[in-house]
Structure formats: structure tokens, C-alpha cells
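Shown next, in C-alpha cells, is the structure this report addresses.
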Amino acid sequence: MNEIKIKDDVEMSRIMEIFYGFERLSEENLEFRQELDELKTNIVQTKLDNPDFAYWVEFGNGKFKVGKGETSDATLNIKCSSEIWSDILAGRKDSYSEFFKSNLKIEGDLQYAVVYLDLLELASEINQEVEVVYNE
Amino acid sequence: MNKTFVWGHRGAGFRDVENSMSSFKKAVDMGVDGIKTEAQLSKDGEIFLCFQQSLRKNGEYVPIKDLDSSEIRTLRLDNNESVLTLSEFFSEFKDDNIRYNFDIRDPEIGIRIIEIARKFKVIDKIELAKPVTDGSLLPEIFGKIREFDKNVTLINTIFLKYANNMKEHLELNSMRELNIQGINVKYNFATFELFKLVKENGFKFYVWGLLFNRPMQKFLKMNYKGQPVDAMMSNFPDRLLRLRNEIQNN
């Protein structure tokens, strides 16, 4: 039982670390911040299951802010299993295919859901380049 | 080298209330080459430019196909403008040197657009496209339309569900048989290999969903045998036009 709990905690920490990384990127990387400047504010509530976990992201108007738990101000809601969401974030699975398989459920303005998913992809791409520079 | 054609998606979709007259005017003032929007058919056969298939009436969502045009005209967009009809749209822009691309969910919508475009003498300026969320095969959506009009420009759009194995879902034979002129691909999946394959088969290559500078620059620089990507679509057409002028003028 404790082993499962520890594994779940590691999985959740890994996901949050990715998003805290994007938050740092929004403060430190001009390209990412400029893209965020162009977008209107949206608040995305993500609820994951197995393990159950919730966090929110506020993006747009120059910001990318992240917090654990639930918010009542969400403009978009995403539901997914932790495993599939991790695979999407790592680029091992494609979010659109998972959406049409009903593995990724989205409520709200689908157009802005697409923007959000594209923004995460952009952040990952920039982050990888930044990491390469830091490691050279 | 030719320049990439710039479509303003829903006008200047993220600079104004999308699919509103002010958004379309803004896009034209920015200098777009064309406007990409969606078309819906009312109960009494009027075409309205609207992404949603249902509109909110008295607190409830009602399919547009179940509403008369007189009912739709009473509804308001977020900026208090009315939902535009195709006739109003053509009346406003028919003298501008722009093209029009309409997502259609049903062949009847396409046929009605053609009838109205003929009336306004803009038939050679319109394109009809399969929506990205439509999983139907090309003959189902375009068969009747091609019978009705032998020349109207038709554009295939790859269903997003098949985004990561597009090559298997291009329907190239149907595209040839129905004389469909181009393929529209979400930018994340628009690889150079796919671009090359589409061009080698004699079709136009469109890329949609462009918001960020990085992918805009990537596709504006992409070319095959000296030919650029044929068209790109954006809710930020001003950004795309600025980058096109910087990149493709040199």
C-alpha cells in the first residue's frame, strides 16, 4: 500500500514539476512571455485520476500561473488519467487522438483548449532548448 | 517565389469578436488575402456565419437548422452585433480583392453557398472546406457539391483524430476523382514529408491553427522546389502578415 502511495506521489510531483517549470519559463523566457502577452486570460482546471489529483493553470495576458487543488473560476476543464496525461506531456501520446478516443475530456471553449495544448507544446519545446543551453 | 496566402481565421479571430462584421473588417484592413469562417444553414435556407451549430435562445441551446432567420437575427454576439448572413458578408466585401473559405458540415450548406456566391458574382473567389472535426469520407461531403458545380474550389481537411497517421487518411484517389484542390493540416502535424507528398501529388498545402511566432516562421520558410506552403490560417493574421513580409520578401 505504501509503495503505491509513494509511486503516486512521485507521478504527481513529476507532473507538477513540469508545470512549475513552465511557470518559471514564463518569467525568464522572453519568447514564451511574449506569446502569453498575446492571449486572453483562461483558467484551466485539470483533474487527473488514478491517482486522483487536481491542479489549475492560469494563462494569458503575459502570465502562466500554476496551483494545486481546485478553483471555481475555471474557464476550461480537463479530465484525464494521470498515465495518459503524463504520456501527452512527454510527447509519447497525441492529445487530439486521445480526445477523440474519449481518454481526454474537455469542457469549455474547445478553441481555447486547442490553444492551451499548443501552448504546452511550445513551452516544452522552448524548455528543452533552454535545458540544452544550461547543460552545454 | 510565390507568397504564402494568408487567411484570417474568423476574421481576426483573436483580435475581435470572432465571426463578427468588425472582426472581418479588421482582418481586411490588416491586409489578409482571404477570410476563413464557418457556415450554418437556418431552417428557412439562409446561410449564417457561425462556428456553433446551436445558438442560445431564451437560455436554451437550439440547433441553427431549427431556427428561422428572423429568430437568429434577434440574437446578439458578445459585441452586440448580429450573427452575419452570407449575403450581408458578400455585400460588404465583394469589391475587396479577397477570397472566402467556408467550413461546411453538410453538402446542402455548400450548395446554398454556391447559389449565393453566383448571385453576388464571387463564385471564383470561394472555397468550401471539410471541417477538422468531421470524420466523414470525402465523397459523402463533397460528392453532391461536385455534381452541382464542376469548378468550385474544394479543400480537404484531415480529421484531427487521424492527425498522427495522416498519410493513411489523405484520400488522394477521392481527391483526384472529385477534383479537390488542396489539403488543410493542423500545424503540429504538418511535416515537410507530408508537404512534399501533397505537392508531388499536385495538390495545394494549407496549414491551420497558427498562433505563435515560432511555427509561423517555420512554415513561412518551408519550401519544396522553390514553392512555399500555399496558405496559412491564423486568428492573429496581423502577426502572420508581418512575418510573411519579413521572410518572404527577401
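Chains U and V, in that order, are what the protein sequence lines are.
All the letters of the first sequence, read from the start, carry residue numbers 0 to 135 under numbering that gives the first Met the number 0.
All the letters of the second sequence, read from the start, carry residue numbers 0 to 249 under numbering that gives the first Met the number 0.
Cβ atoms here follow ideal geometry from the backbone N, Cα and C, with glycine treated the same way.
Keep in mind that this is a model prediction, so the values were computed, not measured.
Chain U residues whose Cβ lies nearer than 8 Å to that of V/G208
V113, D117
Closest to V/L66 by C-alpha separation, out of V/N163, V/D43, V/A116, would be which residue?
Among V/N163, V/D43, V/A116, the Cα nearest to that of V/L66 belongs to V/D43.
Inter-stretch contact at 8 Å, needing at least 3 Cβ pairs: the stretch 227-238 of chain V / the stretch 18-36 of chain V
The stretch 227-238 of chain V, when compared against the stretch 18-36 of chain V, does touch it at the 8 Å Cβ threshold.
Along chain U, in chain order, which residues have C-beta atoms closer than 7 Å to that of V/A162?
Those are D93, Y95, S96, listed as they occur along chain U.
Short of 8 Å in beta carbon distance, which residues of its chain neighbour V/L74, apart from the five on each side in sequence? Order them along the chain.
L54, R55, K56, S81, V82
Counting along the chain, where does the alpha helix (DSSP H) carrying V/A128 start and finish?
Element bounds for V/A128: not the alpha helix (DSSP H) but the beta strand (DSSP E), 125-128.
Buried versus exposed, by CB contacts within 10 Å (16 or more), U/S25:
With 16 or more Cβ atoms within 10 Å of its Cβ, U/S25 is classed as buried.
Return the bridge partner residues of U/D48 from the DSSP annotation.
U/S80
Output the distance between the C-alpha atoms of V/V5 and V/I112, rounded to the nearest integer angstrom.
22 Å
So what does DSSP say about V/M231, is it helix, strand or coil?
In the structure shown, V/M231 sits in a strand (DSSP, three-state: E or B).
Buried or exposed for U/L109, going by 16 or more other Cβ atoms inside 10 Å?
U/L109 is exposed by the Cβ-count criterion.
With 16 other CB atoms within 10 Å as the buried threshold, where does V/V184 fall?
buried
Taking Cβ to Cβ, would you say V/L40 is nearer than 7 Å to V/I108?
Closer than 7 Å, so yes.
Along the chain, where does the alpha helix (DSSP H) that runs through U/I105 open and close?
Not the alpha helix (DSSP H): U/I105 falls in the beta strand (DSSP E), residues 103-107.
Would you check if the stretch 13-33 of chain U and the stretch 50-67 of chain U touch, i.e. whether three or more CB-CB distances between them fall below 8 Å?
Yes, the stretch 50-67 of chain U is in contact with the stretch 13-33 of chain U.
Inside the stretch 45-105 of chain V only - beta strand (DSSP E) runs reaching at least 3 residues
46-48, 53-56, 59-62, 98-102
Taking a contact to mean a Cβ-Cβ separation below 7 Å, would you say V/G33 touches V/R98 in this structure?
yes
is_contact[U/E34, chain V] using C-beta, thresh 7 Å:
yes
Could you tell me the alpha carbon to alpha carbon distance between U/E97 and U/L103, rounded to whole angstroms?
5 Å
Name, please, each residue of chain V whose Cβ falls closer than 9 Å to the Cβ of U/E120.
N187
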